[in-house]
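*Asks:*
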């Protein structure tokens, strides 16, 4: 049986209650951690070499060690604003095992001496938020949260904060602004949140999955955890596989297994008679890979070497029944809609990319447009406060690069259709996005 | 988004021809600037006031409660109307302009009147690969006559495993077929749980390794709170329902090979 750490017994009925969670050994790791010195706990986390599961893949231990010591208001924020298209791992984890996350938050806050923590959950996850709220109340009643946890000197208040639907709030500084009650605009970095974050206090921000792994690290020790997976990508990872596969869903894998095993053996691969055309290895923000890359090991470094990234661990498979253009247009529209508008390259770049893709569809484009589109992508990357623009530029850039021939053929075909008047259905430029419009009132 | 012969829902526009409300409306410079409303002169429903105050008490800075407070006001008023914003502003002691700036930023806070029931149809990549655009069209059509249903195309809702899916008043349902659109409207009209057989809350994990280790589960405590019943099936249901896209069992030999 494959190793399960986060998903061990995840379908056990009632696991989201404190009673069942404790029966399975829950909160034992917390008791163990509270008997250790905070620095020892941090040491264990560092030794596990666990990399952030939210997208950037930054080592959690290192991030936590950046927090200044001393007597000041410090905060821990759990990023549960899971909005990256294709990602739904945190949803299942929070819904079925909320106490694992709460336990992780308590241990992490103990390690860096934090007394106030927040879970920022996206507003759409109403059911999961309800479950977490009940779980937090249970933990408070059991003395696991609040003053002097389990008789130790550590205190922690945990507040669940529901967002209201904005992709940008998954970006850490946008999330902090949103949590402070503002529009979710990203901030200029540095200072990084570890130095100056929420309410200007040092803030540790981690993804749900990262924090939920902390109890396991304490239970099995950091060294032992580091032996799972590969040398630089330790541990197991929840991977959300979706799109054109037969068994879409969350799978817990050991980092470093081949992508083929993940997509075909576990998720069932595309329908009979279809083949993988391209796939996103780490959410819609990652550069696409093709069928030639299916044997790349699924871990942080191998994905980077293959020219993409592991990101949030969301594999979206696209089979040969779909055109590159339709996927690119969906993608570009999403980022254009979600751009907060603060930085010009992102705000304009995403909008113009949508318009250029629509020109291809309406038969107005020439092959030169592909060069312009590619150069627009290059000019977005690295020129904004946050990576939302890059998140569109990287996959679109990779699609233009890898599927140039197909896009050129599409341009030709659409021009021909336009010339023969078969294009009545095409939406006029600038009118296509339903999201941007007012809500239809009947 | 292929150019088939499908009928398209016309993009709604405002009187001035734009899709963006009031983007070219000049500010009335003769009006006095909006200030923090006087709590004594602004009547606020007592439950709403209590909700907002409870939210404010949770944070070191009261402004952090802006989103929860606007959510609560939207529950009461149906949308973030100027009146609703005025009331929140009075309780939170903030300017209405500040709260409006927040309300206009987020997709779930509506600054236009809207029907009561929300149907958010995910039209992002994973869902559209599996037919979300067709479903959205069917949903629009099914709700055309229905005054109380607000159908909206939404960005990724984080449930690509049940693609194509929708969130009906916060309840995730999927995978959907165009025929489900009419059933959703029916269930909403009858005020019943929506498409109960397709609700995400009953779905099991597809990872085969999870099911393998799941033989020794003992039954959950009988008195678990309602929100804690996730995965247990509807009231009185004793059978574990894997849901319509439950994992196809791996053949035994193959499963053994994997180990």
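Residue numbers (my numbering), protein chains in the order written: chain A, 242 to 683; chain B, 33 to 291.
Every residue gets a Cβ at the ideal spot worked out from N, C-alpha and C, and that includes glycine.
1) Just curious, the beta strand (DSSP E) that residue 556(A) is in, first and last residue?
2) Which residues in the same chain have their Cβ closer than 8 Å to the Cβ of residue 230(B), if we skip the five residues on either side of it in sequence?
3) At a CB-CB cut-off below 8 Å, which residues of chain A make contact with residue 220(B)?
4) Leaving out five residues before and five after residue 126(B) in sequence, what residues of the same chain have Cβ atoms less than 7 Å from its Cβ?
5) What residues of chain B sit near residue 404(A), judged by a beta carbon separation below 9 Å?
6) Flag residue 216(B) as yes when its Cβ comes closer than 7 Å to any non-hydrogen atom of the ligand MG, and as no otherwise.
7) Note down the Cα distance separating residue 539(A) from residue 255(A), rounded to an integer number of angstroms.
8) Are there three or more Cβ pairs, one per stretch, closer than 8 Å when the segment 596-603 of chain A is compared with the segment 554-573 of chain A?
9) Excluding the 5 residues flanking residue 480(A) on each side, which residues of the same chain have their C-beta closer than 8 Å to its C-beta?
10) Quickly, what does DSSP pair residue 479(A) with across the bridge? List them, please.
11) For residue 216(B), would you say it is in contact with chain A, using Cβ-to-Cβ distances shorter than 8 Å as the test?
12) Within the 8 Å Cβ cut-off, does residue 575(A) reach chain B?
13) In the DSSP assignment, what are the bridge partners of residue 520(A)?
14) How about residue 338(A) and residue 257(A): are their beta carbons less than 8 Å apart?
15) Could you tell me which residues DSSP pairs with residue 205(B) in its beta bridges?
16) Is the Cβ of residue 323(A) closer than 8 Å to any Cβ of chain B?
17) Quick check on this structure: which residue in 578(A), 360(A) and 466(A) has the alpha carbon closest to the alpha carbon of residue 421(A)?
18) Looking only at its own chain, which residues have a Cβ that is under 8 Å from the Cβ of residue 663(A), when we skip the five neighbours before and after it?
19) Which same chain residues end up closer than 7 Å to residue 188(B) when comparing Cβ atoms and leaving out the 5 residues on each side of it in sequence?
20) Going by C-alpha to C-alpha distance, which of 373(A), 582(A), 274(A) and 320(A) sits closest to residue 393(A)?
21) At 4 residues or longer, what runs of the alpha helix (DSSP H) sit wholly inside the segment 106-148 of chain B?
22) Ignoring anything shorter than 4 residues or poking outside the segment 321-398 of chain A, list the alpha helix (DSSP H) runs there in chain order.
23) Quick check on the DSSP output: what are the complete alpha helix (DSSP H) runs of length 4 or more inside the segment 245-270 of chain A, in order along the chain?
24) Is it buried or exposed, residue 424(A), if we count other Cβ atoms within 10 angstroms and call 16 or more buried?
25) Do residue 548(A) and residue 526(A) have their C-beta atoms closer together than 8 Å?
26) From residue 651(A) to residue 238(B), what distance separates their C-alpha atoms?
27) Determine which residues of the segment 409-438 of chain A have a Cβ less than 8 Å from any Cβ of chain B, and write them out in chain order.
28) Take residue 400(A) as the anchor and find which of 413(A), 412(A), 379(A) and 374(A) has the nearest alpha-carbon.
29) If you check the beta carbons only, do residue 404(A) and residue 357(A) fall under 8 Å apart?
30) Looking at the structure shown, is residue 568(A) part of a helix, part of a strand, or coil, going by DSSP?
31) Going by CA-CA distance only, name the one from 607(A), 415(A), 244(A) and 348(A) that's closest to residue 396(A).
32) Run down chain A in chain order and give the residues with a C-beta less than 9 Å from the C-beta of residue 233(B).
33) For residue 352(A) and chain B, any beta-carbon pair shorter than 8 Å?
34) Note down, in chain order, every chain A residue with its Cβ under 7 Å from the Cβ of residue 113(B).
35) Going by the CB atoms, is the gap between residue 381(A) and residue 283(A) shorter than 8 Å?
36) Residues of the segment 141-164 of chain B in Cβ contact with chain A at a cutoff of 7 Å, in chain order, please.
*Replies:* With the given structure in hand:
1) 555-560
2) Contacts found: 194, 205, 206, 207, 208, 212, 275 and 276.
3) Within chain A, no residue comes near residue 220(B); the closest Cβ sits about 14 Å away, beyond 8 Å.
4) 68 and 95
5) 99, 138 and 140, listed in chain order.
6) Judged by which ligands are present, the structure shown has none, so any question about the ligand MG falls away.
7) 32 Å
8) yes
9) 330, 491, 492, 493, 494, 503, 539, 554, 555 and 556
10) 493(A)
11) no
12) yes
13) 530(A) and 558(A)
14) yes
15) 198(B) and 231(B)
16) The beta-carbon of residue 323(A) is placed less than 8 Å from the nearest beta-carbon of chain B.
17) The shortest CA-to-CA distance from residue 421(A) to any of 578(A), 360(A) and 466(A) is the one to 360(A).
18) none
19) Excluding sequence neighbours, residue 188(B) sits near 154 and 156.
20) Residue 274(A) holds the alpha-carbon nearest to the alpha-carbon of residue 393(A) among 373(A), 582(A), 274(A) and 320(A).
21) 114-124 and 128-135
22) 330-337, 339-352 and 367-382
23) Taken in chain order, the whole alpha helix (DSSP H) runs of length 4 or more contained in the segment 245-270 of chain A are 259-264.
24) buried
25) no
26) 37 Å
27) Within the segment 409-438 of chain A, the residues whose Cβ lies closer than 8 Å to some Cβ of chain B are 419, 420, 421, 422, 423, 424 and 425, listed in chain order.
28) 374(A)
29) no
30) In the structure shown, residue 568(A) falls within a helical segment according to DSSP collapsed to helix, strand and coil.
31) 348(A)
32) Residue 233(B) reaches chain A at 336 and 368, counting residues in chain order whose Cβ is nearer than 9 Å.
33) no
34) Chain A residues near residue 113(B): none, gap ~13 Å exceeds 7 Å.
35) no
36) 141, 142, 144, 145, 146, 156, 157, 158, 160 and 161
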